[in-house]
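So the sequence lines, in the order shown, correspond to chains H and X. Each residue of the first sequence is one higher than the one before, counting from 14 in the working numbering. Each residue of the second sequence is one higher than the one before, counting from 9 in the working numbering. Glycine is no exception: its CB is placed at the ideal position from the N, C-alpha and C atoms. Worksheet: the structure to be examined is printed underneath.
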Amino acid sequence: MGSIGWLKTAIFVLSLVPFLRLFVLGFQDRLGANPIEFITHSTGFWTLTFLCITLAVTPLRRLTGWQQLIRVRRMLGLFAFFYACAHLVTYVWFDQWFSLEEIAKDIWKRPFITVGFAAFVLLVPLAITSTNRMMRRLGRRWSQLHRLVYVIVILGVAHFWWLKEDKNDLSEPWLFAGIVAVLLLFRLLQPAWQRAVRSRKQAAATGAARS
Amino acid sequence: MLISVRDPSQPAASEVAPEAVYRSRRRILAAAGLAVAGLPLLAAGPARAQRASAALGELAKLPGKPSPLSTMERATSLDDASTYNNFYEFGTDKSDPARYAGSLHTRPWTVVVEGEVAKPKTFDIEELLRLAPQEERIYRMRCVEGWSMVIPWVGYPLSELIKRVEPTGNAKYIEFVTLADPKQMPGLRSGVLGWPYLEGLRMDEAMHPLSLLTFGMYGSVLPNQNGAPIRLTVPWKYGFKSGKSIVKIRFTEKQPLTSWGRAGPSEYGFYSNVNPEVDHPRWSQATERRIGEDGFLQRKRKTLMFNGYGEQVGQLYAGMDLRKHF
C-alpha cells in the first residue's frame, strides 16, 4: 500500500466520525431536547461539508501538483451521498413517518424542501455511475454527467440558506456560499489563467525565435 | 375542542411525575431511538439530567396554587424546558440561552408601566411578585418553528396589573419592551433582530384570563434562560409573542410594531395565533413535535386551533379573517 493507500484509509475512518458521533452522543444523552432536529441538522451540515471537500480535491491537486490526490475524490463524493441519505432518511422516517402525502406536499409547496430534494435526486446518478466500470462505459459523457455536482452544491447551499432564514441568522450559509464560490470560481478562472500562461510562454518563445 | 379543564383536586403533572422521572424521560426516548437504529440498548448515563439539576439547583422556590385553567397533559421535563430555548439576546442556537444567560442580573429589576394609563408607575420586581396571588398554570406552549412543550408556569393574570394602572379610553394595545443590555446579553452584538425585542397584544387579549404575567416555572422562579425575572405567557399564540425579561409595559392607541413583524412582515403577523390552517411560508403549521414525546417512537401530533384554547379565546377573533390577520 502506497502513501495514498494510507491516506485513503485515514480519510475513510475520519469521514465516519461525524456519523459515529451521533450514536455516542445519543448514548450519552447529549443530543439535546430535540434529537431528531439535531440529527437532521448534523447530517445536513456534513453533506454540504463533504460536497465542498470533494470539490476542493481538483484545486488542491492543481495547486500542489500532487496528482495522486484524485484517488480519494470518489470516496469523498460517496461520503457526501452517504450523509445526504442519512439526512433524507431522518426526514422521511422520523419527521414525516413515511407519510408520502405529506412529503409530496412539502416538496411541492416549500422551495426549501424542493431544492434540497432536487439536490438529492441529482446526487443519485452520480453515486450510481461512480464505479470504474461505469466510468469506462460512459467515457467522455461521464465527466459531463459529473459536472452536475456544481448544480448540486449550489442547490445544497440554497437549501441551507432558506432553512436558516427563519432564525434570521445567515452567518453559516454565508460561509458555505463563500467556500462554494471560491471552489467554483477556481474552475471558471483556471482555464483562462492556464491559457494566459501558455500564450505568454508561446509569445516569449516566438519572440526569442525572432531575435 | 379538546380543552381539558383541570379538576383542582387533581395533582399537577409536576407533582404526578417526580422531578427525576420527568428529567429522565427524554433519555429513555433517545436510547429507544438508537435501538430502532439497530444498535443494542446500552444504559444511558444520567449526565444530562445531572448537568441541568446542578445548573438550576439554586433557584428559589416560588409555589403557586393550582388553577382550573391548567391542562392535565404530561409536563415536559424541566431539563428540556430549560435547555432548548429561543432567546436571541443570548444567541440564535437553542442551546445558547442555557449556556450564556448566567450573565443576566435579575436584581435589582424594575418594570416601567407608562403610556395611556391614569396611574403610570415604575414597579420594583419584589412589589410585582406580591401584587396578586401566584398560581400554577400548566399550559401548552407551541413554538412557531413546529415544536411544543407543556410547562407548569407560575404567575398571575396580566389583567391584575392592568387594572391597577387604570388604562385610559385611548389604550387599545399594550407594547412589551424587553431588556437589551449588551453587557449582559452577548447576542445583542448580532444584528439578527432589532433590539430591544418588542412584542404587543391587543387590549382584550391582554385582559384575557389566560394571559399570564409569569415569574416562575416548575415551582421555582424562572431560570434566566426562560425570561427571568418576569415574562409573559400567552398560550394560544406562538411562543415568540410571549416576551422575556420585560422592563417596560406601554399602553398605546396604535398597534405597536413588533420585532418579528419588522424583520419578516410576510412571515410573522401581529396576531400570530396558533393556527394549523395557516402555514408559515416555509413550513407547515399543521403538526408539531412535542418535545420529549414525539419523535423516534411516536409521530408528530396535530396542532390544534388556538393551541387548543379556542373555547376560551375564539370569541376575541369573531368575524376576523384569520388568514389575513395571521
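Nearest residue (CA-CA) to residue i, options the options
i	options	result
asparagine 94(X)	Ser85(X), Ala106(X) and Gly327(X)	Ala106(X)
arginine 145(X)	Pro160(X), Leu137(X), Pro116(X) and Val229(X)	Pro160(X)
cysteine 151(X)	Gly251(X), Phe304(X), Gly327(X) and Gly318(X)	Gly251(X)
threonine 103(H)	Ala218(H), Leu64(H) and Thr53(H)	Thr53(H)
isoleucine 238(X)	Glu153(X), Leu112(X) and Tyr96(X)	Leu112(X)
glycine 316(X)	Leu77(X), Leu166(X), Pro116(X) and Ser198(X)	Leu77(X)
leucine 3(H)	Gln203(H), Arg213(H), Thr219(H) and Ala93(H)	In the structure displayed, chain H extends from 14 to 224; residue 3(H) sits before or after that span and is not available.
glutamate 178(H)	Gln293(X), Gly322(X), Gly300(X) and His288(X)	His288(X)
leucine 220(X)	Ile299(X), Pro231(X), Val200(X) and Lys245(X)	Lys245(X)
glutamine 109(H)	Gly129(H), Thr144(H), Val70(H) and Ile49(H)	Ile49(H)
leucine 201(X)	Tyr226(X), Ser167(X) and Pro273(X)	Pro273(X)
leucine 73(H)	Val195(H), Phe111(H), Asp119(H) and Leu161(H)	Val195(H)
proline 84(H)	Thr144(H), Ala218(H), Phe40(H) and Trp206(H)	Per the sequence presented here, residue 84(H) reads as arginine, with proline not at that position. Answer by Cα proximity: Thr144(H).
alanine 179(X)	Tyr164(X), Ala214(X), Glu168(X) and Tyr147(X)	Ala214(X)
methionine 88(H)	Gly152(H), Ala23(H), Lys122(H) and Ala205(H)	Ala23(H)
glutamate 153(X)	Asn181(H), Arg160(H), Arg150(H) and Pro138(H)	Asn181(H)
threonine 4(X)	Leu29(H), Arg34(H) and Glu115(H)	One cannot answer for residue 4(X) here, as it falls past the ends of chain X, which runs 9 to 334.
glycine 163(X)	Leu265(X), Leu230(X) and Ala271(X)	Leu230(X)
proline 186(H)	Thr62(H), Arg34(H) and Val26(H)	Thr62(H)
Paired residues, beta bridge with residue i - DSSP
i	result
asparagine 281(X)	Lys245(X)
phenylalanine 131(X)	Val119(X)
valine 3(X)	One cannot answer for residue 3(X) here, as it falls past the ends of chain X, which runs 9 to 334.
proline 74(X)	Glu144(X)
lysine 69(X)	Ser228(X)
histidine 288(X)	Trp291(X)
arginine 239(X)	Thr222(X)
valine 125(X)	Pro175(X)
C-beta contact flag for residue i and residue j at 8 Å
i	j	result
threonine 56(H)	tyrosine 96(H)	yes
glutamate 135(X)	arginine 258(X)	no
aspartate 302(X)	lysine 308(X)	yes
valine 170(H)	phenylalanine 189(H)	yes
tryptophan 268(X)	tyrosine 279(X)	no
leucine 101(H)	phenylalanine 133(H)	yes
lysine 249(X)	glutamate 207(X)	yes
tyrosine 181(X)	methionine 211(X)	yes
valine 282(X)	phenylalanine 334(X)	no
threonine 186(X)	valine 242(X)	no
tryptophan 175(H)	arginine 290(X)	yes
leucine 91(H)	isoleucine 165(H)	no
proline 194(X)	glycine 99(X)	yes
alanine 131(H)	leucine 168(H)	yes
glutamine 142(X)	leucine 218(X)	no
phenylalanine 94(H)	leucine 68(H)	no
glutamate 174(X)	alanine 126(X)	yes
isoleucine 170(X)	alanine 46(H)	no
glutamate 97(X)	alanine 188(X)	yes
histidine 172(H)	phenylalanine 125(H)	yes
arginine 266(X)	leucine 240(X)	The sequence shown places threonine at residue 266(X), rather than the arginine named in the question. Result no, Cβ atoms of threonine 266(X) and leucine 240(X) do not sit closer than 8 Å.
alanine 99(H)	phenylalanine 32(H)	yes
threonine 114(X)	threonine 130(X)	no
threonine 91(X)	arginine 148(X)	no
glutamate 168(X)	leucine 139(X)	yes
Residue i, enclosing alpha helix (DSSP H) - first and last residue
i	result
arginine 307(X)	Premise fails: arginine 307(X) is in no alpha helix (DSSP H) and is neither H nor E.
aspartate 119(H)	113-122
glycine 169(H)	161-177
valine 105(H)	Premise fails: valine 105(H) is in no alpha helix (DSSP H) and is neither H nor E.
threonine 295(X)	Threonine 295(X) -> not in any alpha helix (DSSP H); beta strand (DSSP E) instead, spanning 295-298.
phenylalanine 36(H)	16-40
serine 267(X)	267-271
glutamine 320(X)	318-321
alanine 89(X)	86-89
arginine 146(H)	145-151
aspartate 104(X)	104-108
Range of the contiguous beta strand (DSSP E) that encloses residue i
i	result
leucine 221(X)	220-225
phenylalanine 259(X)	254-260
Short CB-CB distance (under 8 Å) between residue i and chain C
i	result
phenylalanine 95(H)	Within the model displayed, chain C is absent; protein chains H and X are what it includes.
Please give the ranges of any alpha helix (DSSP H) in the stretch 135-217 of chain X, keeping only runs that are unbroken, at least 4 residues long and fully inside the region. Runs of the alpha helix (DSSP H) inside the stretch 135-217 of chain X: 166-173 and 211-215.
Residue ranges of each beta strand (DSSP E) within the stretch 44-114 of chain H, 3 or longer: The qualifying runs do not exist here; there are none.
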